[in-house]
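Participant: Sharing a structure, written as structure tokens. Questions coming.
Numbering (the working numbering), first residue to last: 734 to 889.
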């Protein structure tokens with residue numbers, strides 16, 4: 734159910750006429766679809782995935798809330814949140830690889846192979862897309878703004 738609520742930030746971006754990144758809508762649409770599919774199958778490994786997601790989102794939405802209140806947040810925090818997201822996806826893939834090992838070893842695992850493969854593909858695509866976002870935003874050309882903000886913070 735939280736996935737429906739999280740679409741609220743997408744709605745706010747559209748209302749503010751800000752650009753909606755492919756990464757943003759792709760992530761929300763795919764995760765919402767996965768949530769619907771896996772909920773109907775009572776996929777047990779989702780418990781770990783949900784707790785990881787909740788932890789990262791608590792930091793992320795706190796950051797967005799503070800920014801929306803006009804509170805200046807150090808530029809490095811955004812990069813750290815993106816790093817947390819990527820780490821979340823890597824941990825999720827490791828969990829899924831263990832689940833896949835159990836399935837291949839004929840250990841009874843609730844949930845279908847279809848849902849498992851959907852989740853694995855989704856998480857791998859998130860790692861690729863978020864790593865690209867990180868590179869574009871904080872390392873490459875987009876990193877200029879990030880580096881300028883960081884230099885300004887050091888001067889303060």
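Each residue gets a CB set at the ideal place from its N, CA and C atoms; glycine is no exception.
Exposed or buried, which one is residue 867 when buried takes at least 16 other CB atoms within 10 Å?
Facilitator: Label assigned to residue 867: buried.
Participant: CA-CA distance, residue 855 and residue 802?
Facilitator: When rounded, the distance between both Cα atoms is 33 Å.
Participant: Mind checking whether residue 769 and residue 848 have CB atoms under 8 Å apart?
Facilitator: Cβ distance not < 8 Å, so residue 769 and residue 848 don't count as in contact.
Participant: Under the assumption that residue 789 contacts residue 818 (Cβ atoms under 8 Å), give the Cβ distance between them as a whole number of angstroms.
Facilitator: Their Cβ separation, rounded to whole angstroms, is 6 Å, which keeps residue 789 and residue 818 in contact under 8 Å.
Participant: I'd like the list of long-range same chain contacts for residue 825, defined as Cβ closer than 7 Å, with 5 residues on each side in sequence excluded.
Facilitator: For residue 825, where only same-chain residues beyond five positions count, the Cβ hits under 7 Å are 782, 785, 856.
Participant: When you compare only the Cα positions, how much space is there between residue 775 and residue 852?
Facilitator: Each residue's alpha carbon lies about 14 Å from the other.
Participant: Inspect the beta-carbon positions of residue 793 and residue 814 and report whether they are closer than 8 Å.
Facilitator: Yes.
Participant: Distance check for residue 834 and residue 800, CA to CA, integer angstroms please.
Facilitator: Using only the alpha carbons, I get a separation of about 43 Å.
Participant: I'd like to know whether the C-beta atoms of residue 823 and residue 860 end up nearer to each other than 8 Å.
Facilitator: Yes, the Cβ-Cβ distance between residue 823 and residue 860 is below 8 Å.
Participant: Quick one: grab the DSSP three-state call for residue 778.
Facilitator: Coil at residue 778, not helix or strand.
Participant: Helix or strand or just coil, what does DSSP make of residue 826?
Facilitator: Residue state, collapsed to three classes: helix.
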